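Notes to accompany the following structure.
There are 2 protein chains.
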Amino acid sequence: MLYFIGLGLGDAKDITVKGLEVVKSAKKVFLEHYTSILSCGKTDLEEFYGRNDLILADRDLVESGADEILEDAKDDTVAFLVVGDPFGATTHADLMIRARELGIKTKTIHNASIMNAIGCCGLQLYSFGETVSIPFWTEDWQPDSFFDKIQVNLERGFHTLCLLDIKVAERSIENMMKNRKIFEPPRFMTVSQAADQLLKIIQKKGDNAKINEDSIAIGVARVGHDDQNMVAAPLKDLLNMDFGSPLHSLVIPGQLQILEQDAVNFLKLKK
Amino acid sequence: MLYFIGLGLGDAKDITVKGLEVVKSAKKVFLEHYTSILSCGKTDLEEFYGRNDLILADRDLVESGADEILEDAKDDTVAFLVVGDPFGATTHADLMIRARELGIKTKTIHNASIMNAIGCCGLQLYSFGETVSIPFWTEDWQPDSFFDKIQVNLERGFHTLCLLDIKVAERSIENMMKNRKIFEPPRFMTVSQAADQLLKIIQKKGDNAKINEDSIAIGVARVGHDDQNMVAAPLKDLLNMDFGSPLHSLVIPGQLQILEQDAVNFLKLKK
Numbered sequence: 006m007l008y009f010i011g012l013g014l015g016d017a018k019d020i021t022v023k024g025l026e027v028v029k030s031a032k033k034v035f036l037e038h039y040t041s042i043l044s045c046g047k048t049d050l051e052e053f054y055g056r057n058d059l060i061l062a063d064r065d066l067v068e069s070g071a072d073e074i075l076e077d078a079k080d081d082t083v084a085f086l087v088v089g090d091p092f093g094a095t096t097h098a099d100l101m102i103r104a105r106e107l108g109i110k111t112k113t114i115h116n117a118s119i120m121n122a123i124g125c126c127g128l129q130l131y132s133f134g135e136t137v138s139i140p141f142w143t144e145d146w147q148p149d150s151f152f153d154k155i156q157v158n159l160e161r162g163f164h165t166l167c168l169l170d171i172k173v174a175e176r177s178i179e180n181m182m183k184n185r186k187i188f189e190p191p192r193f194m195t196v197s198q199a200a201d202q203l204l205k206i207i208q209k210k211g212d213n214a215k216i217n218e219d220s221i222a223i224g225v226a227r228v229g230h231d232d233q234n235m236v237a238a239p240l241k242d243l244l245n246m247d248f249g250s251p252l253h254s255l256v257i258p259g260q261l262q263i264l265e266q267d268a269v270n271f272l273k274l275k276k
Numbered sequence: 006m007l008y009f010i011g012l013g014l015g016d017a018k019d020i021t022v023k024g025l026e027v028v029k030s031a032k033k034v035f036l037e038h039y040t041s042i043l044s045c046g047k048t049d050l051e052e053f054y055g056r057n058d059l060i061l062a063d064r065d066l067v068e069s070g071a072d073e074i075l076e077d078a079k080d081d082t083v084a085f086l087v088v089g090d091p092f093g094a095t096t097h098a099d100l101m102i103r104a105r106e107l108g109i110k111t112k113t114i115h116n117a118s119i120m121n122a123i124g125c126c127g128l129q130l131y132s133f134g135e136t137v138s139i140p141f142w143t144e145d146w147q148p149d150s151f152f153d154k155i156q157v158n159l160e161r162g163f164h165t166l167c168l169l170d171i172k173v174a175e176r177s178i179e180n181m182m183k184n185r186k187i188f189e190p191p192r193f194m195t196v197s198q199a200a201d202q203l204l205k206i207i208q209k210k211g212d213n214a215k216i217n218e219d220s221i222a223i224g225v226a227r228v229g230h231d232d233q234n235m236v237a238a239p240l241k242d243l244l245n246m247d248f249g250s251p252l253h254s255l256v257i258p259g260q261l262q263i264l265e266q267d268a269v270n271f272l273k274l275k276k
């Protein structure tokens, strides 16, 4: 049996009671750590689970070497832990299909992900349009297609959740060329960096942009953590705000209902 | 302190470890039971929590009589439990705003909701458009505006999650007139009933409908439960399928990527 277990958004205690029971009794436990990150480390998890044999699963292991995960699941219980909910990222659906093809039973223990927890900012989940991802720009790669999706949402009155880029297990070009498994420190896009890229696109689009530097957006950081932070402010102000440690996301509100407007007002900084 | 605690989708053990700790130590615990239902009863929850004083909160209590909830939260810990995640429905954002206005601190312990757990059917969460609600039709009220939203999603290649109506704490017209608090048994729309209403709309729309009776849809039941059930089949076949006990939902797939197509094929019944 292969269990897909969501860990939720915060710390070790955000696992469900049911999930914890499986983790404690499983023969092998893999921790996926490339599509998201946990605020607490592997060691904290191991301590909380009462076992010291968590296996870190990087993209390679899951996408090419899934055999290692699946082998034991044929006869024993294997747990595959994913930060948030297991089915945000395609790769895990792929792993599930491969398991089923081998006749391995699978079960999912769901948890919160940013895709539903973002409702805590007070905007209606039903009124969010397509979720977009804002990638880190480089000197010669500055895509802005995500902005078109925000515009389509705005046209229809929808809010947009912008997921901000995370770079985990990146290698420098030199290390890649030399096939060395030396990784750069992880990077997480901040609300400020996202606002900066958005403002540059808005400037470029001119009158075609449906938002401007004075448009209110909501910067959110560490949703589901004790020190969660949410501020509604004009984009030009978000540019200069420090939301602290990762993960950050950004919400571009569409048409606001009365209660939603109240909620947004509540997130504005008091003068 | 007022805690909003998500209970997840399955049984008592789907609460998070963190949520359970709060429930055990809170002075008062309210269980919201009108926007969704838990498969297990109040008694099961009480047994699992080790306390026998759960207070059922109906819409009246939350929308008009929130004082009762907020009063104790000024000086003590009060937990407000919601099936799924607390911020699917507007009413809870309203309660949070009222608490903050009174200077009461609030915290949210998130959990899975159908809005993110639906990813387990193998379709990418990012590729879902607007979520729609399909209401029970009556003899003289047969709204079909939700179908237009499905059509807009289809035009853009997006999948649609259709939430199916639930009727909890309904009163007959007679009982309402006489102001008697006698409630009808709860009702939950089945996949078959949803397919029936969709097929009637498709027939009415004729060539303007972007799906027909042969279009594949995915019926899902009891997501997150041990006996979760998902079947991909033509709408006309879903009409005659029994998915068992509630809750049911329906997914209308849009443009499918290769992996998504694999996942859908996996959900088709073997001949």
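Taken in order, these protein sequences are the chains called A and B.
The first sequence runs contiguously to residue 276 in this note's numbering.
The second sequence runs contiguously to residue 276 in this note's numbering.
Backbone N, C-alpha and C define an ideal beta-carbon position, used for all residues, glycine too.
Note that this is a predicted model, so its numbers are computed, not measured.
Among the bridge pairs identified by DSSP, B:Pro148 is matched with none.
Within chain A, the residues placing a beta-carbon under 7 Å from that of B:Asn121 are Asp90, Ser118, Met120 and Asn121, ordered along the chain. By alpha-carbon distance to A:Asp99, the top candidate from A:Val269, A:Lys172, A:Val67 and A:Lys186 is A:Val67. For A:Glu160, the closest of A:Ile178, A:Ser132 and A:Asn184 by C-alpha to C-alpha distance is A:Ser132.
In this structure A:Ala200 is in contact with A:Leu240, their Cβ atoms being roughly 5 Å apart against a cut-off of 8 Å.
Cβ proximity to chain B below 9 Å picks out Gly15, Asp16, Ala17, Lys18, Asp19, Ile20, Thr21, Val22, Lys23, Gly24, Leu25 and Glu26 from the segment 15-37 of chain A. Three or more Cβ pairs closer than 8 Å define a contact, and the segment 54-69 of chain B falls short of that threshold against the segment 106-113 of chain B. The beta-carbon separation of A:His164 and A:Ile257, rounded to 7 Å, stays under the 8 Å limit for a contact. Only buried fits A:Gln202, as 16 or more other CB atoms lie within 10 angstroms of its CB. With respect to chain A, the C-beta atom of B:Phe188 has no partner C-beta closer than 8 Å. Around B:Asp242, no beta-carbon contact reaches into chain A at under 7 Å, the shortest distance being about 22 Å. According to DSSP, residue pairing for B:Arg227 in a beta bridge does not occur. Nearest C-alpha to A:Met194 among A:Leu264, A:Lys47 and A:Ser254: A:Ser254. Ranking A:Asn270, A:Gln208 and A:Val87 by CA distance to the CA of A:Leu128 puts A:Asn270 first.
Scanning A:Ala84, A:Asp80 and A:Ala122 for the CA closest to the CA of A:Gly93 turns up A:Ala122. The CB of A:Ile109 never comes closer than 8 Å to any CB in chain B; the least such distance is about 13 Å. Between A:Asn116 and A:Thr21, the gap from beta carbon to beta carbon is short of 8 Å. When DSSP states are grouped into helix, strand and coil, B:Glu37 belongs to the strand group.
In terms of Cβ geometry, B:Lys183 and B:Phe141 do not form a close pair [threshold 8 Å].
The three-state reading of DSSP puts A:Ser132 in helix, counting H, G and I together.
Near chain B, meaning a CB-to-CB distance below 9 Å, the residues of the segment 129-157 of chain A are Gln129, Leu130, Tyr131, Ser132, Phe133, Gly134, Glu135, Thr136, Val137, Ser138 and Val157.
Within the segment 212-236 of chain A, those residues whose Cβ lies closer than 7 Å to any Cβ of chain B are, in chain order, Gly229. The Cβ atoms of B:Ala78 and B:Glu37 lie no closer than 8 Å to each other. Between B:Ile221 and B:Ala238, the gap from beta carbon to beta carbon is short of 8 Å. By the neighbour-count criterion, in which a residue is buried when 16 or more other Cβ atoms sit within 10 angstroms of its Cβ, B:Ile155 is buried. For B:Phe271, the C-beta contacts it makes with chain A under 7 Å involve Ile102 and Arg105, in order along the chain. A check of alpha carbon separations from B:Phe35 across B:Ala84, B:Glu218 and B:Phe152 identifies B:Ala84 as the nearest. By DSSP's assignment, B:Val196 forms no beta bridge with any residue. Following the DSSP letters along the chain, one finds A:Ile257 inside the beta strand (DSSP E) bounded by residues His253 to Ile257.
Cβ contact annotation for A:Leu272 (same chain, cutoff 8 Å, sequence separation greater than five): Cys126, Gly127, Ile223, Met235, Val236 and Ala237, in chain order. Separation of the CB atoms of B:Glu189 and B:Glu179 is rounded to 11 Å, and the pair is thereby denied contact status at 8 Å. Annotated three-state conformation of A:Val236 is strand, per DSSP. A:Asp81 and A:Leu168 have their alpha carbons spaced roughly 36 Å apart. Taken through DSSP and simplified to helix, strand or coil, A:His164 comes out as strand.
B:Leu261 sits away from B:Ser197, with the two beta carbons spaced by 8 Å or more. Per the C-alpha coordinates, the member of A:Gln233, A:Arg64, A:Asp219 and A:Lys205 positioned closest to A:His97 is A:Arg64.
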